[in-house]
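Remarks on the structure that follows.
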Amino acid sequence: MAVREPNGNQFYRHIVLAVAGSIFCYLLITYSGLSYFRRPEIVPKTGEHLFSEAELSVHNGITGESLYLVILGHVYDVTKGAKHYGPGESYHMFVGHDASRSFVTGEFERYSDELSDVSGLTDAELQQLLTWKEFYDKTYPYLGKVKGRYFDGAGQETEYLRSVRARVEKAAAQAALDGPKYPSCNVEWKVEVGTRVWCSNRSGTGQERAWVGRPRKVLSGLNESGHAMQFCACLPDDATDQAMYARFPNCDENAESCVIPDEQ
Numbered sequence: 006m007a008v009r010e011p012n013g014n015q016f017y018r019h020i021v022l023a024v025a026g027s028i029f030c031y032l033l034i035t036y037s038g039l040s041y042f043r044r045p046e047i048v049p050k051t052g053e054h055l056f057s058e059a060e061l062s063v064h065n066g067i068t069g070e071s072l073y074l075v076i077l078g079h080v081y082d083v084t085k086g087a088k089h090y091g092p093g094e095s096y097h098m099f100v101g102h103d104a105s106r107s108f109v110t111g112e113f114e115r116y117s118d119e120l121s122d123v124s125g126l127t128d129a130e131l132q133q134l135l136t137w138k139e140f141y142d143k144t145y146p147y148l149g150k151v152k153g154r155y156f157d158g159a160g161q162e163t164e165y166l167r168s169v170r171a172r173v174e175k176a177a178a179q180a181a182l183d184g185p186k187y188p189s190c191n192v193e194w195k196v197e198v199g200t201r202v203w204c205s206n207r208s209g210t211g212q213e214r215a216w217v218g219r220p221r222k223v224l225s226g227l228n229e230s231g232h233a234m235q236f237c238a239c240l241p242d243d244a245t246d247q248a249m250y251a252r253f254p255n256c257d258e259n260a261e262s263c264v265i266p267d268e269q
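In this note's numbering, the protein residues as written are 6 to 269.
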């Protein structure tokens, strides 16, 4: 069978379609390329976003409406909690950057890069910080990680994070030994109150017990810098090692709850 040649109209229609298809492909490729540079990187295999500090900083409720909070290098979308984290609210300092240390120390006045450094916290304070992280794991959508102190450019843990993790694991092992005698206090920080510690029949790390106890400042030796290490523990009324613990200032010896002055 002979093949018919296309007439003039068909020929030009094919040319137009070919040109239009080329333009469409060009635009698609160009848009995809530009979009890649506009969006956060994706950590291979996990689907997590890997944010740079610059990308993270715009999610502060001021530059844009979204509110992204960081703790120990992990990023959470706290936009639904705008009444707590929005501009002008009590916890706004936590969004747009990593201020992990402030979860324990209550340094809310002004952000600085040093607030992501938790190396100066005690082991007990690191455990408290992990309790905060568990709260965000359960309450807000997890988005990914931020490159810097805790994760490298490939989204892998840094040596710094591994050292923090090792300290927490060591503290947890020690707490398992000391727990029946010195269970940790419950701790919270509020703008209008400050840091409050209290005892109940459930320790700050979740262990149940039959007695309540009184909050005390327990001295647990010296750190590598020679500074006294201390933490809040709930001691039973019949505790005998008096030299190892002390009352918090301005807190009645029989109180089950104490507010710790900021300078302590």
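We put the beta carbon where it would ideally sit given N, CA and C, even for glycine.
Under a three-way DSSP split, which group does residue i fall into?
| i | result |
| --- | --- |
| Ser-189 | strand |
| Ala-251 | strand |
| Ala-244 | coil |
| Glu-119 | helix |
| Trp-137 | helix |
| Asp-82 | strand |
| Val-173 | helix |
| Thr-110 | helix |
| Arg-219 | strand |
| Thr-144 | helix |
| Arg-214 | coil |
| Tyr-73 | strand |
| Asp-103 | strand |
| Arg-167 | helix |
| Ser-333 | Outside the displayed span of the chain (6 to 269) sits residue 333, for which this structure offers no information. |
| Met-162 | The question names Met, but residue 162 is Glu in the sequence shown. Three-state DSSP puts Glu-162 in a strand. |
| Ser-262 | strand |
| His-64 | coil |
Express the C-alpha separation of residue j and residue i in angstroms, rounding to a whole number.
| i | j | result |
| --- | --- | --- |
| Lys-150 | Ala-178 | 27 Å |
| Arg-170 | Thr-110 | 19 Å |
| Ser-262 | Pro-254 | 12 Å |
| Gly-199 | Gln-161 | 35 Å |
| Glu-70 | Asp-157 | 28 Å |
| Pro-146 | Leu-134 | 18 Å |
| Ala-260 | Asp-128 | 25 Å |
| Cys-190 | Thr-68 | 39 Å |
| Arg-172 | Arg-106 | 15 Å |
| Arg-201 | Ser-208 | 14 Å |
| Ile-76 | Leu-131 | 12 Å |
| Phe-140 | Gln-212 | 17 Å |
| Ile-265 | Asp-142 | 28 Å |
Hey, residue i and residue j are a contact pair by Cβ (cut 8 Å); roughly how many whole angstroms apart?
| i | j | result |
| --- | --- | --- |
| Ala-238 | Pro-188 | 7 Å |
| His-54 | Leu-148 | 5 Å |
| Val-80 | Phe-56 | 6 Å |
| Leu-126 | Ala-104 | About 13 Å; that fails the 8 Å criterion. |
| Leu-61 | His-102 | 6 Å |
| Val-217 | Asn-206 | 6 Å |
Once you ignore the five residues that flank residue i on each side, which residues in its own chain have a CB closer than 6 Å to its CB?
| i | result |
| --- | --- |
| Ala-159 | none |
| Leu-74 | Tyr-81, Val-83, Phe-99, Val-100 |
Can you find the residues in the same chain that come closer than 7 Å, C-beta to C-beta, to residue i, ignoring five residues on each side of it along the sequence?
| i | result |
| --- | --- |
| Lys-222 | Gln-235, Cys-237, Tyr-250, Ala-251, Phe-253 |
| Trp-137 | Ile-76, Phe-108 |
Does the beta carbon of residue i sit closer than 9 Å to a beta carbon anywhere in chain B?
| i | result |
| --- | --- |
| Asn-65 | Of the protein chains in the structure, only one exists, and it is not chain B. |
Excluding sequence positions up to five away, which residues of its chain have a Cβ less than 8 Å from the Cβ of residue i?
| i | result |
| --- | --- |
| Ala-87 | Gly-66, Leu-72, Glu-94 |
| Glu-258 | Arg-219, Arg-252 |
| Ser-40 | The pLDDT assigned to Ser-40 is 35, lower than 50, so where the model puts this residue is not dependable; a value taken from the coordinates is nonetheless given after this. Result list for Ser-40: empty, nothing under 8 Å. |
| Thr-163 | Arg-154, Tyr-155, Phe-156, Asp-157 |
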